[in-house]
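In what follows, a structure is listed as structure tokens, so that the remarks can point back to it.
Written out as structure tokens, the structure reads:
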């Protein structure tokens, strides 16, 4: 029976290829858009959880994009006086603050790691962000030569890393967040300051702002429950030489920008999907006209109506499966390319969906198409099952 | 001699029109029976009823000992696949298959056996189509298509062969090849029912019937 189906598919090669291409295009767009959507949603949520602050405060002269600072992970060499930390903490509606110190971008010219990384020094006295990681490894705080690394740093827990000539011990590796933290090294603020101060290559970056131990790069702020974040930001920016960003607003803005891209892709996907569904319905409907004589012959030489049904549904199923499989492969490639392309133009947190989620998504899309195909095949199945075998004695020759 | 088909008092009406008005006959293994009659007299209808393609309005059909007239469509399909080989008025070849594949069609539908492929090739060679095994129907002449259709009907050694004007529109040489192949099938033990307009071939059957006014009248094959 399979030979008959394969021959029929080959015989109508051009029509079938057009149908396969149409199904593949629809599946490809829907699959890639779904994966991108999953990656961005998960990335933004993980980034929000990891940030653990409502407001990020940076020096007013810092020409940084909030999305870049929060999610992009571009090493930001920005510095301000450390007394600002206390001034921000004194503002009404602020629950707690903690300062961080960023070092210069590290690359092959200046360190022993092969990629550009950001070293973030946190303040153990006020921090509430790094502490959970320390508790995971049963430590109260990091000592001078200890670091926590992001998942994108090529080292493992227990390894030693040489950074700017100094050796560090990796005590923990953070989960992937899809943000710059994945390519960051966390250490205590004093270690970060010392590392920067001792590096002749980094001096010119921070020295113009003062002594390293009196500088900070950013202040993370948690507000009191019910406090107006927007109002606190306005007060911060009017009374101090700083720029402040709302984490949730930044997240929303990035997500909205991203939704435009995803929306355009999704709209194209839906149009392609509907077009391929119409083509599938048309293709299968024409079967009922052009192949009645052929099915009548099969019935006349002894095929049962059930066998005719099987012939139709397997042929439709093969078309659907080939189209969907091609679409899923193309969709995966499009997803990889899109993530790379978008990330070069827009900083956004992205967590690559796991194999399980990708598998479930692919299976869901395939099952959806199979159902559509069965539905589209219903008319030919019904007609095929009700053909009178005497048709073969009264009809003309068939193709 | 084994009775392959017994037809008893078959009637078929389309509305008020009685096409078949009570037809009875039997055909045995190794026997060829011909049916002649004017166009539109009901020959093809009779053939489709005894070939279990449609049910009679009344009457009994017994095929290889099984009462077939009242069976449902699935059981009739099974009987057709087991016992009947059809040669239709037109060749009825599937356009997506080659000549050889068209002959193999019944085995593709009911489960392929390797030795059948050799037999299909032999049959086509016997019918003068050795060079045309892998041609598509579009590349074959009418006579060649008819011979392919005949090979398809003979492939699985059916005990009953129903041939509906198999030599129609064919030249005399091709008609002779086709008729001889039917005769050889008869000699191998098949029962053959040949519906034809051509008296020459009808007269070469063991028994000849004329269908007129819904009834079969036996005629002498010598007349």
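Protein chains in written order, with the working numbering: chain A, 833 to 1231; chain B, 221 to 443. Glycine residues also receive a C-beta, built at the ideal position from the N, C-alpha and C atoms.
So, is residue 1168/A buried or exposed, given that buried needs 16 or more other C-beta atoms within 10 angstroms?
-> With fewer than 16 Cβ atoms within 10 Å of its Cβ, residue 1168/A is classed as exposed.
Candidates 404/B, 356/B, 272/B, 229/B, of which the one nearest residue 377/B by Cα = 404/B
Comparing alpha-carbon positions, which option in 949/A, 909/A, 887/A, 921/A lies nearest residue 933/A?
-> 909/A
Is residue 342/B helix, strand or coil by DSSP?
-> helix
Round the Cβ separation of residue 1102/A and residue 887/A to the nearest angstrom and send it over; I've been treating them as touching at under 8 Å.
-> Wrong, their Cβ atoms sit about 38 Å apart, outside the cutoff.
Using a threshold of 7 Å, is the CB atom of residue 1109/A nearer than that to any non-hydrogen atom of the ligand NAD?
-> Although the ligand NAD was asked about, the structure shown includes no ligands whatsoever.
Indicate whether residue 982/A and residue 1184/A have their beta-carbon atoms separated by less than 8 Å.
-> If you check the CB distance, residue 982/A and residue 1184/A do not come in under 8 Å.
Taking only runs that begin and end inside the segment 384 to 442 of chain B, name each unbroken beta strand (DSSP E) of 3 or more residues, in chain order.
-> 411 to 415, 427 to 432, 435 to 439
Under 8 Å between the Cβ atoms of residue 360/B and residue 320/B?
-> No. Outside cutoff.
Are the C-beta atoms of residue 321/B and some chain A residue less than 8 Å apart?
-> Taking 8 Å as the CB threshold, residue 321/B lines the interface with chain A.
Residue 278/B, DSSP secondary structure in three states | strand
Are residue 278/B and residue 238/B closer than 8 Å when you measure CB to CB?
-> no
So, is the C-beta of residue 1089/A closer than 8 Å to a C-beta in chain B?
-> no
Who does residue 930/A pair with in a DSSP beta bridge?
-> 1052/A
Per-residue DSSP class, three states only, for residue 877/A | helix
Report the three-state DSSP secondary structure of residue 953/A (helix, strand or coil).
-> strand
Cα-Cα separation between residue 858/A and residue 1147/A, rounded to whole angstroms = 20 Å
Quickly, what does DSSP pair residue 255/B with across the bridge? List them, please.
-> 415/B, 429/B
Could you say if the segment 323 to 337 of chain B and the segment 841 to 860 of chain A meet the contact criterion of at least three C-beta pairs nearer than 8 Å?
-> no
Between the CA atoms of residue 935/A and residue 1025/A - distance to the nearest angstrom = 8 Å
Residue 1154/A versus residue 851/A - alpha carbon distance | 10 Å
Closer than 7 Å, Cβ to any Cβ of chain A: which residues of the segment 260 to 277 of chain B, in chain order?
-> Answer set for the segment 260 to 277 of chain B: 264, 268, 273, 274.
Which first and last residues belong to the beta strand (DSSP E) in which residue 961/A is found?
-> Looking at the DSSP string, residue 961/A is not in any beta strand (DSSP E), and its letter there is neither H nor E.
Can you give me the Cβ contacts of residue 1001/A inside the same chain, cut-off strictly under 6 Å, excluding the 5 residues immediately before and after it?
-> 977, 978, 992
Where the beta strand (DSSP E) through residue 246/B begins and ends = Where residue 246/B is concerned, the enclosing beta strand (DSSP E) stretches over 237 to 248.
Neighbour flag for residue 381/B against chain A, beta carbons, 8 Å = no
State the DSSP-derived secondary structure class of residue 996/A, mapped to helix, strand or coil.
-> Coil at residue 996/A, not helix or strand.
Output yes if chain B places a C-beta closer than 8 Å to the C-beta of residue 1216/A; else output no.
-> no
Identified DSSP bridge partners for residue 978/A | 1001/A
With 8 Å as the threshold, decide whether the Cβ of residue 850/A is near any Cβ in chain B.
-> no
Nearest to residue 276/B (by Cα), restricted to the options 265/B, 245/B, 295/B = 265/B
Within 10 angstroms of the Cβ of residue 345/B, are there 16 or more other Cβ atoms? Answer buried if so, exposed if not.
-> exposed
Evaluate residue 389/B with the Cβ neighbour count: other Cβ atoms within 10 Å of its Cβ, from every protein chain shown; 16 or more gives buried, anything less gives exposed.
-> exposed
Helix, strand or coil for residue 841/A per DSSP?
-> helix
Using 10 angstroms around the beta-carbon of residue 221/B, count the other beta-carbons present and answer buried if the total reaches 16, otherwise exposed.
-> exposed
List the endpoints of the continuous alpha helix (DSSP H) containing residue 1200/A.
-> 1187 to 1208
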